[in-house]
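Colleague: Taking mature numbering (1 follows the signal peptide of the UniProt record, and there is no 0), I'd label the letters of the sequence shown as residues -20 to -1, 1 to 255.
Before I ask anything, let me first share the structure, which is written out below as structure tokens.
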Amino acid sequence: MPLTPLISAALLPLFLQTAAQGTTPDLPVPSSQTAMSSPATIERDRLTVCLEEARQDPATAIVTASTWLAEVVGPERSYPQQCLGMAYTSLLRWQAAEDSFMMARNARLEDNHLSRAKLAAMAGNAALADNRLEDALGTLDLALRDAALTGDPMVSGGIEVDRARTLVGLGRMDEARQALATARQDAAQNSEAWLLSATLSRREDRLEDAQMQIRTAAGLAPQDPRIGLEAGVIAMLAGDSEAARASWESVIALDSDSEQAATARTYLSQMKETP
């Protein structure tokens, strides 16, 4: 059964699903071992509370973080800046979020490469969500340089996924393909790398690659409805309408109220209307 025009037109632009939909991870904050173990631990504990407030009540979190920022100097300023970035993210104030994350990154000690890499990646994702693609790429390149200094390829691999989204938005497909290849190599357990690889392969009519990549993504994150949706599109393009139907029905079964479920219903409806 051929892919109908409506299904083809409705394909989700996965490469543009960034921080606006919560794909930017929070910087991990270690728990304190004792209530007064060190000033740094106290600040991290304070950050944990502030980040939760940023999610639940971002306007109040901005006041909290701004007050905190006025109380501290040096590297400790990174923590309230990070909280401000998360609060602005919750309010979709992307430029302010980017600026705050970058100030948080710059305040961290120069040898704290992991934190600096993750904060720069958050800043880059904020710019990407704001569709300022050149700015996003420059910041993500900085994050990648920080990540290289950690010696942990998993960190670099995750940032390569974000770079690939940005490069696709800029129309630089060869570079996006290379970024995803690096991500799959360095962060083989990152389902996002495999999902976006499958999406790009499908868009470039490399269906065999797309099928292999979406199977790997599904194995890593079987509960991700975006993967089921993409798997159905790939199956449909490959001429396997029954597999497509099964994939889209599984998306609805996962969460019938999700955006992906609504799209799956549209696809299934189009299948019924096709002779």
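Idealized CB from N, CA, C, for every residue including glycine.
Check the C-beta distance from Asp126 over to Ala97 and give it rounded, since I have them as a contact under 8 Å.
Modeller: Within the sequence shown, the letter at position 146 stands for residue 126. Within the sequence shown, the letter at position 117 stands for residue 97. 4 Å between Cβ atoms; contact.
Colleague: Touching or not, the region 166 to 173 and the region 181 to 189, by the rule of three or more beta carbon pairs under 8 Å?
Modeller: Contact fails: fewer than three Cβ-Cβ distances are below 8 Å.
Colleague: Alpha carbons only, please: which of Ile22, Trp48, Cys63 and Ala50 is nearest the one belonging to Asp37?
Modeller: Sequence index remark: in the sequence shown, residue 37 carries index 57 (1-based). Looking at the Cα atoms, Cys63 is the closest of the given residues.
Colleague: Report the CB separation of Ala244 from Ile232 in whole angstroms; it is logged as a contact under 8 Å.
Modeller: Position 264 of the sequence shown, counting from 1, holds the residue named residue 244. Position 252 of the sequence shown, counting from 1, holds the residue named residue 232. That pair is a contact at about 5 Å.
Colleague: For Asp121, which residues in the same chain have their Cβ closer than 7 Å to its Cβ, ignoring the five residues on either side in sequence?
Modeller: One-based indexing of the sequence shown puts residue 121 at position 141. Counting only Cβ-Cβ distances below 7 Å, and skipping sequence neighbours, we find nothing.
Colleague: Have a look at Arg112 and Gly104 and give me their C-alpha separation to the nearest angstrom.
Modeller: Here residue 112 is taken as the residue at index 132 of the sequence shown, counted from 1. Here residue 104 is taken as the residue at index 124 of the sequence shown, counted from 1. Their Cα atoms are separated by approximately 9 Å.
Colleague: For residue 256, which of Asp79, Tyr59 and Glu51 has the nearest alpha-carbon?
Modeller: There is simply no residue 256 to check, as the chain begins at -20 and stops at 255 in what is shown.
Colleague: Based on Cα-Cα distance, which residue from Leu248, Glu56, Ala211 and Ala45 lies nearest to Tyr68?
Modeller: In the sequence shown, counting from the first residue as 1, residue 68 sits at position 88. With distances taken between Cα atoms, Tyr68 lies closest to Ala45.
Colleague: Distance, Cα to Cα, Met66 vs Arg85?
Modeller: Within the sequence shown, residue 66 is the residue found at index 86, counting from 1. Within the sequence shown, residue 85 is the residue found at index 105, counting from 1. Going by the C-alpha atoms only, they are around 13 Å apart.
Colleague: Let me know if Gly208 comes out buried or exposed under the rule of 16 or more other beta-carbons within 10 Å of its beta-carbon.
Modeller: Indexing the sequence shown from 1 puts residue 208 at position 228. So Gly208 counts as buried.
Colleague: Any idea if Leu117 is buried or exposed, counting beta-carbon neighbours within 10 angstroms, 16 or more meaning buried?
Modeller: In the sequence shown, counting from the first residue as 1, residue 117 sits at position 137. When all chains shown are included, Leu117 counts as buried.
Colleague: Alpha carbon to alpha carbon, what distance is there between Glu155 and Gly219?
Modeller: To locate residue 219, count along the sequence shown from 1; it is residue 239. To locate residue 155, count along the sequence shown from 1; it is residue 175. Each residue's alpha carbon lies about 30 Å from the other.
Colleague: Can you tell me whether Ala218 is helix, strand or coil according to DSSP?
Modeller: Locating residue 218 in the sequence shown gives position 238, counting from the first residue. The answer is coil: DSSP assigns Ala218 none of H, G, I, E or B.
Colleague: Quick one: residues in its chain with C-beta nearer than 6 Å to the C-beta of Arg54, no 5 flanking neighbours on either side, listed in chain order?
Modeller: Position 74 of the sequence shown, counting from 1, holds the residue named residue 54. Correcting the residue type first, residue 54 is Gly in the shown sequence and not Arg. For Gly54, where only same-chain residues beyond five positions count, there are no Cβ hits under 6 Å.
Colleague: Determine the closest residue to Arg164 out of Arg152, Met153, Ala178 and Arg225, with distance taken between C-alpha atoms.
Modeller: Position 184 of the sequence shown, counted from the first residue, corresponds to residue 164. If we check each option's Cα against that of Arg164, Ala178 comes out closest.
Colleague: For Arg182, which residues of its own chain have a beta-carbon under 7 Å away from its beta-carbon, when the five flanking residues on both sides are left out?
Modeller: Here residue 182 is taken as the residue at index 202 of the sequence shown, counted from 1. Excluding positions up to five away in sequence, the list reads Ala190, Val213, Ile214 and Leu217.
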